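Under the numbering used here, think of the first position of the sequence shown as 109, with each following residue one higher.
Below: one structure, written as structure tokens.
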Amino acid sequence: MNNYYGRIIGYGKALPRNIVTNADLEKKVDTSDEWITERTGIRQRHIVSDDEHCSTLAVGASRAAMNVAGIGPSDLDLIIVATSSPDFLTPPVSSQIQHMLGASTIGAFTVVVGCTGFVTSLIMADRFIRAGGYRNILVIGVEIISRMLDWEDRNTCVLFGDGAAAVVVQRTDERSGVLSHVMGSDGAGAQHIIHPSGGSALPPSHETIDNRDVYIKMNGREVFRFAVPVIGNTLQQIVTEAGLTFDDIDLLIPHQANARIIESAAKLTAFPEDRIFVNVHNYGNTSAASVPIALTEAFEQGRVKKGDTVAMIAFGAGLTWAGAVVKL
109 MNNYYGRIIG YGKALPRNIV TNADLEKKVD TSDEWITERT GIRQRHIVSD
159 DEHCSTLAVG ASRAAMNVAG IGPSDLDLII VATSSPDFLT PPVSSQIQHM
209 LGASTIGAFT VVVGCTGFVT SLIMADRFIR AGGYRNILVI GVEIISRMLD
259 WEDRNTCVLF GDGAAAVVVQ RTDERSGVLS HVMGSDGAGA QHIIHPSGGS
309 ALPPSHETID NRDVYIKMNG REVFRFAVPV IGNTLQQIVT EAGLTFDDID
359 LLIPHQANAR IIESAAKLTA FPEDRIFVNV HNYGNTSAAS VPIALTEAFE
409 QGRVKKGDTV AMIAFGAGLT WAGAVVKL
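Here you go:
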């Protein structure tokens, strides 16, 4: 049996040039900086311009991650892309990214699990490496949610931002990578976060446009009720399964959906808030890009380093959730 592990050796992010503040949104919808900040903790978010796309952001983040890792596209064996906002429904954006990077004809596929996508993809990359046959896997979380938003709906348009981040996972003999993980789904809550039109069940039409079904709809109250306990339960489960305690976790990186969700989960679990990474105030909810952007910033700010143990937890549409304890 192989004794391989998948260590994160590179990280990087790419953000749209344009920053939209709460003050900017006050001019678009019936809202205020105070209202948004009090309920979400968000103060600004990055929003793409016309020449920025899911693929271009992903490529920028990937090149940054490979630069940190000290490898090139020819060293990659596989690319996994987590996104719910690809350039097109088909072809897969993962193939576009592979080609744009110049990564020969290696395998590439897309994981569509909403905000849970990156953590799920990281777990998959770790499993691929442990099985043998793969040495360097590029894992990307990227979203352009702004093009799915109803900019007249203050309950959704204030929450989201665009961005991308990537990590390089490399095979090693040293114990590292995913020490424990959990993945879950509860389709009974599917209607709480939904993009009604665009799939085969409700193709785009004049009627769906008139009904505004081409935009994301979300029941924020129900998402909050779901998210807080699922963060707490997932954290306890992955830490226990790794044979660790909260004291062994150097940093908790939760999905950056809403500062109030993170605060409530911290109180529920009694996990020390000074060891929870929060950057939602600068980016909003970037969906599948949220956790890798936070991880990248944690490295850049010196909050984590090689050898540290972090817990990553995400939740989102589906409803879905995933968590992993990762030794860096």
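Glycine included, every Cβ here is placed at the ideal spot set by N, Cα and C.
These numbers were taken from a predicted model, which means no experiment stands behind them.
Residue 149 is bridged by DSSP to nothing; it lacks a bridge partner. Restricted to the region 183 to 222, the beta strand (DSSP E) segments that are unbroken, complete and at least 3 residues in length are 186 to 190, 215 to 219, listed in chain order. A straight line joining the alpha-carbon of residue 198 with that of residue 258 spans about 23 Å. Sequence-distant Cβ neighbours of residue 288 in its own chain, meaning closer than 6 Å and more than five residues away, are 346, 349, 350, 433. The C-alpha of residue 283 lies about 32 Å from the C-alpha of residue 393. Residue 148 is positioned such that its CB atom lies closer than 8 Å to that of residue 366. The beta carbon of residue 115 is closer than 6 Å to those of 278, 280, 284, 285 in its chain, skipping five residues each way along the sequence. With a cut-off of 8 Å on Cβ pairs, the region 392 to 410 is in contact with the region 120 to 134, counting three or more such pairs. In the three-state reduction of the DSSP assignment, residue 251 falls in the strand class. Residue 128 carries a strand assignment under DSSP once its states are collapsed to helix, strand and coil. Apart from the 5 residues on each side of it in sequence, residue 387 sits with its Cβ closer than 8 Å to the Cβ of 364, 401, 402, 405 in its chain, given in chain order.
The Cβ atoms of residue 163 and residue 208 sit closer than 8 Å to each other.
For residue 324 against residue 303, the beta-carbon gap comes to about 5 Å, under 8 Å, which counts as contact. Taking each of 360, 424, 169 in turn and checking the Cα distance to residue 412, the smallest one comes out for 360. Close CB contacts of residue 112 within its chain, under the 6 Å cut and outside five residues either way in sequence, are with 237, 238, 279 (chain order). If you keep only unbroken alpha helix (DSSP H) runs of at least 4 residues inside the region 304 to 376, you get 314 to 318, 328 to 349. DSSP places residue 297 in the helix class (H, G or I) of the three-state scheme. Taken atom to atom, the span from the alpha-carbon of residue 427 to that of residue 370 is near 18 Å. Taking the C-beta atoms as reference points, residue 337 is found no nearer than 8 Å to residue 421.
The distance from the Cβ of residue 167 to that of residue 190 is about 15 Å, inconsistent with a contact at the 8 Å cut-off. A direct Cα-to-Cα measurement between residue 410 and residue 357 gives close to 15 Å. Membership of residue 280 in the beta strand (DSSP E) is indicated by the continuous run 271 to 280. Straight-line measurement puts the Cα of residue 256 at about 15 Å from the Cα of residue 310. The secondary-structure analysis by DSSP pairs residue 434 across a beta bridge with 286, 418.
Judged by beta-carbon spacing, residue 138 lies beyond the 8 Å limit of residue 131, meaning their Cβ atoms are not closer than that value.
Between residue 322 and residue 306, the CB-CB gap stays under 8 Å. If you ignore the 5 residues before and after residue 391, its C-beta comes within less than 7 Å of the C-beta of 153, 154, 269, 271, 364, 401, all in its own chain and listed in chain order.
Residue 240 sits exposed, since fewer than 16 C-beta atoms from the chains shown fall within 10 Å of its C-beta. Residue pairing by DSSP leaves residue 180 without any beta bridge partner. The straight-line gap separating the alpha-carbon atoms of residue 218 and residue 375 is approximately 35 Å. With respect to residue 230, residue 184 sits apart: the two C-beta atoms are not nearer than 8 Å. Under DSSP, the beta-bridge partners assigned to residue 122 are 272.
When the beta-carbon positions are compared, residue 244 and residue 179 come within less than 8 Å of each other.
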